[in-house]
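A.B. asks: All residue numbers for the sequence shown refer to the numbering used here, where the first residue is 88 and numbers rise by one. There's a structure below that I have some questions on.
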Amino acid sequence: MEAEPLPAKGEAGTRPASWPRAARVLVLTSPLFACTALVGPLSIAYQHALGLGPEAIGLLAAGSNALGFAMLLVGGWAAQRWGRLATMSLFDVLGFVVPFAWLALARGPEDVVAASLLGAAGQAANVAYGALLMADLGEGQRPRVLAWEHLLLAGASAALPLLTSRLAAEQGLLPAGRLLYLAAAGGVLLMVLVRVALLRSRGGWTAPIRVPLREALRALRSARTGPVLLCGALLAAGGALGLLTQVRITEALRLDPALLGLFASVMTAADLAATALLARVRARARAIALLGLLLAALGVGLFAVAGGATLVLLSAAIVGIAGPLAGLGTGALLHDAVPEALRDHASTAQLAARTIGTFVGSALSGALYALDPAMPWWCAAGVFALAMVSLAPARFMPMKGEADA
């Protein structure tokens, strides 16, 4: 299946003002979630400083993702009964606000483990968020909306890692981490309150269209979405294999911890530039995804051979460009393959595939790192190559109509 070309600049549906209200509110408030970029550059190093070793960090990430897979089902169940906005809001608090506050107060590995496992509840929020965002959008709007969302979030996140680096350099890793986790918790809570205030009175609590699970699975098979779901799983696995990037930079390469913030900023800036371009050009979703996967393989391979700051930062730039291309390309492919009635189930299937991939990659990352600090990134390059193979043949196609469901 080839996705429809992205609409040209100026065509109907390409600007937020023309979108349905729910999509417009969710996208325009997404910069509030950027506060999580404050903790991203030091999150793994923070866990390490609180007493978790590399293998334990990998196993914890794998366990969190396994629990997150179960939370996908919880999110779908809750959205059917409580509505999308109510589900998204509740699990944003349980999966982000509370764990961030807990990590800010953490005193040892036990707190880190408990907070990380609670963070798996965020997957239930993601189910409701994806369904609410994509519910009323036309096929030509979907790639644009995804690109705008990513653009605004990445734009708001671009400079924040530099603040993280400065605080870590001035105060030390643990004091800076505690302050930044509190700031992240407050930012996400503000986002939840703003979204509820803007959407609750406009029907945002309504439940999604109900399609029986057995019927939905049959329809997804008919749409031949298997290859793109497999690609999403491989993409997530390759990314998760790089879980210990921060540890490799500071421990194996013995580079200044202040480089962590610069690394994150370079990656975010590259991500932002690629997303801005993607929001404006006409391109096939498959071509976008394949280019992203090729760049991802190149970027992680470069990180595997890096021995100093220059190649580390260059790899960050390449992976930053690859991320939105691969992620948005596969997302558009999947959503274009199914009709409106299956949008909720397609979003859940995509999250499930990515969660499985992240679980596998995270579980292997610590063991591979123990064998050789460069090994996880060599393996990631191979995984991205396999993902390209899964998309290259025309093995899946859009459904011909809702009647096929």
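Cβ coordinates follow ideal geometry from the N, Cα and C atoms, glycine included.
Unbroken alpha helix (DSSP H) runs of length 4 or more, entirely within the segment 363-400: which are they?
C.D. replies: 372-392
A.B. asks: So, is Q437 buried or exposed, given that buried needs 16 or more other C-beta atoms within 10 angstroms?
C.D. replies: buried
A.B. asks: Can you tell me whether DSSP reads R194 as helix, strand or coil?
C.D. replies: Coil, per DSSP.
A.B. asks: If you draw a straight line from the C-alpha of A374 to the C-alpha of A191, how long is it?
C.D. replies: 42 Å
A.B. asks: Could you tell me the boundaries of the alpha helix (DSSP H) in which C318 lies?
C.D. replies: 313-327
A.B. asks: Can you look up H459 in the DSSP assignment and give me helix, strand or coil?
C.D. replies: Correcting the residue identity first, residue 459 is Asp in this sequence and not His. Reduced to three states, the DSSP call for D459 is coil.
A.B. asks: Give me, in chain order, the residues of the same chain whose beta-carbon lies closer than 6 Å to that of L378; leave out the 5 immediate sequence neighbours on both sides.
C.D. replies: L412
A.B. asks: Within this structure, are the beta carbons of G184 and L240 separated by less than 7 Å?
C.D. replies: For clarity, residue 184 is Val in the given sequence; the question names Gly instead. Not in contact: V184 and L240 (Cβ atoms no closer than 7 Å).
A.B. asks: Using a threshold of 7 Å, state whether the C-beta atoms of G394 and P141 are closer than that.
C.D. replies: When the beta-carbon positions are compared, G394 and P141 stay at least 7 Å from each other.
A.B. asks: Which residue marks the beginning of the alpha helix (DSSP H) containing R265, and which one marks its end?
C.D. replies: 260-286
A.B. asks: Find out if the Cβ-Cβ distance for the pair S449, L330 is shorter than 7 Å.
C.D. replies: yes
A.B. asks: Out of W235, S244, Q210, T417, state which residue places its alpha-carbon closest to the alpha-carbon of G313.
C.D. replies: Among W235, S244, Q210, T417, the Cα nearest to that of G313 is on T417.
A.B. asks: Just to check my reading of the structure: P103 and V114 have Cβ atoms closer than 8 Å, yes? What is that Cβ distance to the nearest angstrom?
C.D. replies: 6 Å
A.B. asks: Using 7 Å as the threshold, is the C-beta distance between A218 and L181 below it?
C.D. replies: no
A.B. asks: Looking at L146 and Q210, is the spacing between their C-beta atoms short of 7 Å?
C.D. replies: It is not a contact, given that the beta carbons lie outside the stated cut-off.
A.B. asks: For the alpha helix (DSSP H) holding L220, just list the boundary residues, first then last.
C.D. replies: 209-221
A.B. asks: With burial defined as no fewer than 16 other Cβ atoms inside 10 Å of the residue's Cβ, what is the status of L458: buried or exposed?
C.D. replies: exposed
A.B. asks: Please report the straight-line C-alpha distance between A234 and Y268, rounded to a whole angstrom.
C.D. replies: 27 Å
A.B. asks: Output the boundary residues of the alpha helix (DSSP H) element that contains A110.
C.D. replies: Counting along the chain, the alpha helix (DSSP H) containing A110 begins and ends at 108-116.
A.B. asks: In its own chain, which residues sit with a C-beta less than 7 Å from the C-beta of V214, not counting the 5 before and 5 after it?
C.D. replies: Correct list, in chain order: L159, G162, G163, A166, S434, T435, L438.
A.B. asks: Using the Cβ count rule (16 or more neighbours within 10 Å means buried), how would you classify E236?
C.D. replies: buried
A.B. asks: Quick check: the Cα distance between G414 and V126, rounded to an integer number of angstroms?
C.D. replies: 22 Å
A.B. asks: Are the Cβ atoms of A345 and A256 separated by less than 7 Å?
C.D. replies: yes
A.B. asks: Compute the distance between the beta-carbons of L137 and A193, then report whether it is under 7 Å.
C.D. replies: Remark: C-beta atoms of L137 and A193 approach each other more closely than 7 Å.
A.B. asks: Taking C-alpha atoms, which residue in G386, R441, I405, V399 lies nearest to A468?
C.D. replies: Among G386, R441, I405, V399, the Cα nearest to that of A468 belongs to G386.
A.B. asks: Rounded to the nearest angstrom, what separates G206 and D179 at their Cα positions?
C.D. replies: For G206 and D179, the distance between alpha carbons rounds to 9 Å.
A.B. asks: Does the ligand ADP have even one heavy atom less than 6 Å from the beta-carbon of A360?
C.D. replies: Ligands are entirely absent from the displayed structure, and the ligand ADP is therefore not among its contents.
A.B. asks: From F187 to G150, what does the alpha carbon distance come to, in whole angstroms?
C.D. replies: 18 Å
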